[in-house]
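Step one of this worksheet: look at the structure below.
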C-alpha cells in the first residue's frame, strides 16, 4: 500500500470510529468494554490495511473485524451467560420501578435480552444502515438467515416492550418476562 | 345491513395498521439509540492508537 492510499485508508478508518463504537456498544452493553472492543477493532483494521481492497465497502469490512473480535473474546469468556442473566434481572428491576424509565433505556435493556445473533442482525439492518446482503456478509451467514433473525428480533422486542406496558396495567411482570425469555431462547435454537 | 363485523369488536393489538406503526416507532427508537453513540465525541484513546502506529512505522523507515 503506497503512502497516498495509506493516508486515505486512515481518513476513512477515522471516519468510521463513531459507527464502530456504536456497534460495539450494542454488542457489549457495557460502555467501557465496548470502547475496548472498538479500539481493538481499529487496531486490527489498521494492521490488516494491506489486505483491504480500496474502493470496496470499508464500513462492512471493519464491522466484520469488530464482530469477529467480539465473538473470539466471548468464546474465551466464561462470564458471558452470567452477564446475560444479569442484564435480564436489571431489566426486571427497571421495569418494576414506578418512576417510569426513559423509553430509550427500556429499549436498550430489552435489546440486551435478545440472543446476540438476533440483536446484531437487527442493529446492522435497522440502525447501521446495512442491506440484508451486507449484514449477511458481516455475520457470515445466508441472507435468508439475516432476514429471519431481524424479524424474530423485531417481534421479540415488541413483545418485551409491550409486556412492560401490561405490567403497568397491573399484571405481574416476572411471569411475562420469563415466558419472553424462554420464547427468545426457543427462537434462537438452530433448526 | 348489519352483516359486517365492526372493527371495534377486534381485540386490542390485532389491527395490522397499529402493528405496523409500532414497528415503525421501534425502528426510529433503534436508530436513535445507535445514533446517540455515533454522535458522541470520539475518546482520545482512539486517535492515539493511530498516532502510535504512525510513530512506529516512521521509526521503521
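Residue numbers (the numbering used here), protein chains in the order written: chain A, 10 to 200; chain B, 11 to 71. Using N, Cα and C, we set each Cβ at its ideal position, and we do this for glycine too.
Under a CB-based cut-off of 8 Å, is residue i close to chain A?
| i | result |
| --- | --- |
| residue 31/B | no |
| residue 37/B | yes |
At a Cβ threshold of 8 Å, is residue i touching chain B?
| i | result |
| --- | --- |
| residue 44/A | yes |
| residue 55/A | yes |
| residue 65/A | no |
| residue 21/A | no |
| residue 113/A | yes |
| residue 12/A | no |
| residue 26/A | yes |
| residue 31/A | yes |
| residue 75/A | no |
| residue 17/A | no |
| residue 48/A | yes |
Taking the beta carbon of residue i as the centre, do at least 16 other beta carbons fall within 10 Å, making it buried, or is it exposed?
| i | result |
| --- | --- |
| residue 42/B | exposed |
| residue 115/A | buried |
| residue 47/B | buried |
| residue 39/A | exposed |
| residue 55/B | exposed |
| residue 34/B | exposed |
| residue 17/A | exposed |
| residue 38/B | exposed |
| residue 65/A | exposed |
| residue 57/A | exposed |
| residue 11/A | exposed |
Applying a beta-carbon distance threshold of less than 7 Å, which residues of chain B neighbour residue i?
| i | result |
| --- | --- |
| residue 132/A | 44 |
| residue 52/A | 59 |
| residue 117/A | 43 |
Starting from the beta carbon of residue i, find every residue of chain A whose beta carbon is closer than 8 Å, and list them in chain order.
| i | result |
| --- | --- |
| residue 41/B | 135, 136 |
What does residue i touch in chain B if you count any residue whose Cβ is under 9 Å from its own?
| i | result |
| --- | --- |
| residue 140/A | The premise fails here: residue 140/A is roughly 15 Å from chain B at the closest Cβ pair, so nothing lies under 9 Å. |
| residue 35/A | 43, 44, 47 |
**Asked** Whole alpha helix (DSSP H) runs in the segment 124-184 of chain A with 4 or more residues, listed along the chain?
**Response** 125-135, 141-148, 152-177
**Prompt:** Listed in chain order, which residues of the segment 51-62 of chain B have Cβ atoms closer than 8 Å to some Cβ of chain D?
**Reply:** Structure shown: chain D not included; protein chains present are A and B.
**Prompt:** Any residues in the segment 157-171 of chain A with a beta carbon nearer than 8 Å to a beta carbon of chain B? Which ones, in chain order?
**Reply:** 163, 166, 167, 170, 171
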